[in-house]
Amino acid sequence: MSTPAPPLVAACRHQPVTRTPVWFMRQAGRSLPEYRKVREGIPMLAACTTPDLVTEITLQPVRRYGVDGAVLYSDIVLPLKAAGVDLDIVPGTGPVVAKPVRTAADVDALPELHPDQLEPVAQAVRQLVAELGEVPLIGFAGAPFTLASYLVEGGPSKDHAATKTFIHTDPGLWRALAEKLARTSATFLRVQVENGARVVQLFDSWAGALSLADYREHAAPASASVLAAVGDLRGADGLPVPRIHFGVGTGELLGAMGEAGADVVGVDYRVSLRDAAARTRADGTRRALQGNLDPALLGAPPAVLEAAVDAVLDDAAAAVGATGHVFNLGHGVPPTTDPDALLRVVERVHERTAR
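Using our numbering, read the sequence shown as starting at 1306 and increasing by one per residue.
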């Protein structure tokens, strides 16, 4: 008799679960005092390429909170750096690219990523799988549109104006850039899964800047290519590895994000799970949902936070029933979050949904 899948993996597959699984985007990070201690004096990208440090940081929230998944400590621009792109993560700013990508020559000059350039990541994944036991490791990558936006803008942007101008001025060159970045993200995900990650998430952090029409034409095809690239990979149980697709401010895009090849669609806090279910299933495919507590409520009094957690669980039950929901925030954990608030969320979700 086969061993039942862990709750996170089972929920992603719409299988019966012993409880609703919960994890948090950015659960390993600045909100944890133990994280701040081990990261002291170590630049972000250096930390992400030190396997022992990646292992320790990834495990910290599992130990502290008892979450149902461990998300690999890394950054979406790491594969670009590993391939040879001149960039850095500047504290207080984010990823900054030395030379923005604006011309055909710039696109041609972008290096391809090879699996052997990711050996520190592969080693960290292997170490984590050995340490985690039944807790699944979540691998992740940035979606091509979001990576391209960093490269074109030269760093974070509020309006992504240069990126959208690029798209409409030279759609063919944009497609070449997106396809190259799709190969980069696919390589990054495959290395993680081949070394033991049991779930993957594709982050399209900036996709909400696009209209639905622009998303379908200029972003979704490359994301679909990334998700398809891991579609043939199997987890420890011999079944396909679930694929989560998440973006911020993507309420109008949820259907298209599901159609790109997601088994699970991540929902931010701006859309109810009931509305998300209708949008992600409009094509007749039964997809699981992930989300969607507003991170701001982590700073609320315990009774208010508990009521908000219950509201998300009730919304999920109405949206997808007893299976097919992964509890998460509608965005990443804010750095100022009190760790005890996250512990309260985990305990409440597990208490309310134990079956």
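For every residue, glycine included, the Cβ atom is placed at its ideal position computed from N, Cα and C.
Contact check, residue i vs residue j, beta carbons under 9 Å
i     : j     : result
D1537 : T1555 : no
N1597 : G1560 : no
F1450 : S1528 : yes
R1503 : L1442 : yes
V1457 : G1513 : no
A1302 : T1363 : This structure leaves residue 1302 out entirely; the chain is present only between 1306 and 1660.
S1379 : A1448 : no
R1660 : P1321 : yes
R1548 : Q1506 : yes
V1650 : L1578 : no
A1624 : A1581 : yes
D1393 : P1425 : no
N1500 : A1427 : yes
P1600 : L1634 : yes
Exposure label - residue i; buried when at least 16 CB within 10 Å
i     : result
S1516 : exposed
D1645 : exposed
A1616 : exposed
T1308 : exposed
P1607 : exposed
R1653 : buried
K1469 : buried
G1389 : exposed
H1419 : exposed
D1373 : buried
V1631 : buried
T1590 : exposed
G1563 : buried
T1323 : exposed
P1326 : buried
Beta-carbon proximity list for residue i, same chain, < 8 Å, skipping 5 on both sides
i     : result
L1423 : P1384, A1387, T1492, F1493, V1496
R1318 : A1310, L1544, P1547, D1568, A1593
P1405 : D1411, L1456, V1457, E1458, G1459, A1467
E1417 : A1388, K1485, R1488, T1489
Cut-off 7 Å between Cβ atoms - residues of its own chain near residue i, not counting five sequence neighbours on either side
i     : result
M1306 : Summary for M1306: the model assigns pLDDT 45, below 50, so the residue's position carries little reliability, and this model does not support an answer.
Cβ-based neighbour list, residue i, same chain, cut-off 6 Å, excluding 5 preceding and 5 following
i     : result
L1452 : L1486
R1657 : L1618
At a cut of 8 Å, does the segment 1464 to 1482 reach the segment 1381 to 1400 through at least three beta carbon pairs?
-> no
Stretch pair the segment 1630 to 1641 + the segment 1327 to 1338: three plus CB contacts closer than 8 Å | yes
Any alpha helix (DSSP H) of 4 or more consecutive residues that is wholly inside the segment 1472 to 1502 | 1476 to 1499
Fully enclosed by the segment 1387 to 1454, which alpha helix (DSSP H) runs are 4 residues long or longer?
-> 1409 to 1414, 1424 to 1437
Entirely enclosed beta strand (DSSP E) segments - the segment 1502 to 1541, minimum 3 residues | 1504 to 1509
Would the segment 1452 to 1466 and the segment 1482 to 1490 be scored as touching if the rule is three or more Cβ pairs under 8 Å?
-> yes
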